[in-house]
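Enquirer: The sequence shown begins at -7 in this note's numbering and counts up by one. Using N, Cα and C, we set each Cβ at its ideal position, and we do this for glycine too. Values in this document were obtained by computation on a predicted structure and should not be read as measured data. Can you read through this structure? Questions will come right after.
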Amino acid sequence: MVRVSVRLDDLPLRDDLRGLTPYGAPQAPLPVALNVNENTHPVPEDVADDILDSVARALREVNRYPDREFTTLREGFAEYLGHGLDARQIWAANGSNEVLQHLLQAFAGPGRTAFGFAPTYSMYPLLTRATGATYVSGSRGVDYTLSAEDAAAQIERAQPDIVFLCAPNNPTGTPVGLDVIEAVYDATPGIVIVDEAYQEFAPRDSRSALTLLPDRPRLVVSRTMSKAFAFAGARVGYLAADPAVIDALRLVRLPYHLSALTQAAATAALRHAPAMLAMVDDIVGQRDRIAATLDALGYRPFESWTNFVLFAGVDDPASTWQALYDRGVLIRDVGIPHSLRVTAGTEEESTAFLDALASLGPGGATAR
Ligand SMILES: *Cc1c(COP(=O)(O)O)cnc(C)c1O
């Protein structure tokens, strides 16, 4: 029997999903992959062994549903974050993307709006629209910075139900002052999500938004194990907020959303936090070397408190991206004119990127 598949447009899809495109950072098996801000250093051998032991033990009881409240893992995150937090203030899910989805399901949805300062993380609009809510883009100032006055004024105008503040910001790397977060919080009766996916790469003496949590019940600080923690493949993200926010998230999560294997792996990895985070200083060093070399090559790198560098001065980003691809180096075209984004990898990977780029000539212009 010949089966003819229908096109997406022929299905009775939700009207508000028609015409949308899914998240689609290219996944290509190139020798040097610096496109999605992973920690490119593998998990240390002895740590991997210990995680494996924990997963093996969990597997023996996998006939039972896991702890729905993932209590041990929440205690682990509370301890890791410090700042006097306890497990009742912690939530986790399969990647911080799912954490953000839970927040949107609880606090956005049809008839509501979420707001982000463009350019920012490309998943905010996608996650927002998937809950039936409207996404509103604000703007940034010179070099993608954000001032407290400007941010608050934009929020007062837009009156969103949820504000996303990516701090430091992806894809630009820009730090966000705590004064901006305070001003945004005071300018809205809604939920303010500070996405600190890259906080571990910020200068040691910079203050986290976690310090603003006391007396701010609508403030949420989200984190992930995908970047600094070298755990992207395990899919674990988490947040800290008032216990009432956690109660709201219980209304929308699927029962047992964190598998016993995920809980065991993440709990074990957290026990080895210093070893898992050991490469952070090295990555920060590569980030700064990449920025300095880009500058010397005539590009314009933006200040970054993350593990990646956005740089302008690219004549034709699509063709430079392709020329690097053809040389075995995968970076990211984030759609910002004359700009590309590269993740800081190991010393060898970072050198491979810089050498390949230098070989293209000024502005990345040389024909391949
Ligand atoms: C990578 C990233 C995340 C992390 O997503 P996970 O689902 O935890 O892998 C969240 N926010 C931002 C801004 C990111 O860049």
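Would you give the residue range spanned by the alpha helix (DSSP H) that ASP42 belongs to?
Expert: Per DSSP, ASP42 belongs to the alpha helix (DSSP H) from 37 to 51.
Enquirer: How many Å lie between LEU243 and PHE62 at the Cα?
Expert: Answer to the nearest angstrom: the Cα atoms are 16 Å apart.
Enquirer: State the start and end residues of the unbroken alpha helix (DSSP H) segment that holds LEU202.
Expert: Premise fails: LEU202 is in no alpha helix (DSSP H) and is neither H nor E.
Enquirer: Which residues in the same chain as VAL172 place their Cβ atom closer than 6 Å to its Cβ, once the five residues preceding and following it in sequence are excluded?
Expert: Excluding positions up to five away in sequence, the list reads LEU138, ALA140, ALA143.
Enquirer: Given this structure, state the Cα-to-Cα distance separating SER251 from ASP308, to the nearest angstrom.
Expert: Distance between the alpha carbons of SER251 and ASP308: 44 Å.
Enquirer: Determine the burial state of ARG360: buried for a count of at least 16 other Cβ atoms within 10 Å of its Cβ, exposed for fewer.
Expert: Any reading at ARG360 must be qualified, since the residue scores a pLDDT of 44, below 50, and its modelled position is unreliable; no value is offered.
Enquirer: Classify SER342 as buried or exposed, calling it buried when 16 or more other Cβ atoms lie within 10 Å of its own Cβ.
Expert: Per the 10 Å Cβ criterion, buried.
Enquirer: Have a look at PHE109 and PHE294 and give me their C-alpha separation to the nearest angstrom.
Expert: Using only the alpha carbons, I get a separation of about 17 Å.
Enquirer: Is DSSP giving ASP273 helix, strand or coil here?
Expert: If DSSP states are grouped into helix, strand and coil, ASP273 belongs with the helices.
Enquirer: Taking a contact to mean a Cβ-Cβ separation below 8 Å, would you say HIS75 touches LEU157 in this structure?
Expert: Not a contact, by the Cβ cut-off of 8 Å.
Enquirer: Does the beta-carbon of ASN31, which I'm using as the reference point, lie nearer than 7 Å to any heavy atom of ligand 1?
Expert: Not under cutoff, so the answer is no.
Enquirer: Please report the residue range of the beta strand (DSSP E) in which ASP187 lies.
Expert: 183 to 187 is the span of the beta strand (DSSP E), which, as asked, contains ASP187.
Enquirer: Looking at C-beta atoms only, is the number of pairs between the stretch 249 to 266 and the stretch 70 to 85 that lie closer than 8 Å three or more?
Expert: Result yes; three or more Cβ-Cβ pairs closer than 8 Å.
Enquirer: With DSSP as the reference, label ARG215 as helix, strand or coil.
Expert: Three-state result, ARG215: strand.
Enquirer: Rounded to whole angstroms, what's the CA-CA distance from THR126 to ILE183? Just pull it up for me.
Expert: The straight-line gap from Cα to Cα measures roughly 15 Å.
Enquirer: If you measure between the beta carbons of TYR291 and ALA304, is that distance less than 8 Å?
Expert: Contact: yes.
Enquirer: Please classify TYR127: does DSSP put it in a helix, a strand, or coil?
Expert: In this structure, TYR127 counts as strand in the three-state DSSP scheme.
Enquirer: Would you identify the three-state DSSP class for ARG360, choosing helix, strand or coil?
Expert: Low per-residue confidence applies at ARG360: pLDDT is 44, beneath 50, and the placement is therefore not dependable enough to give any value.
Enquirer: Does the distance from the CB of ARG319 to the CB of ARG333 come in under 8 Å?
Expert: No, the pair does not count as a contact, with Cβ atoms beyond the cut-off.
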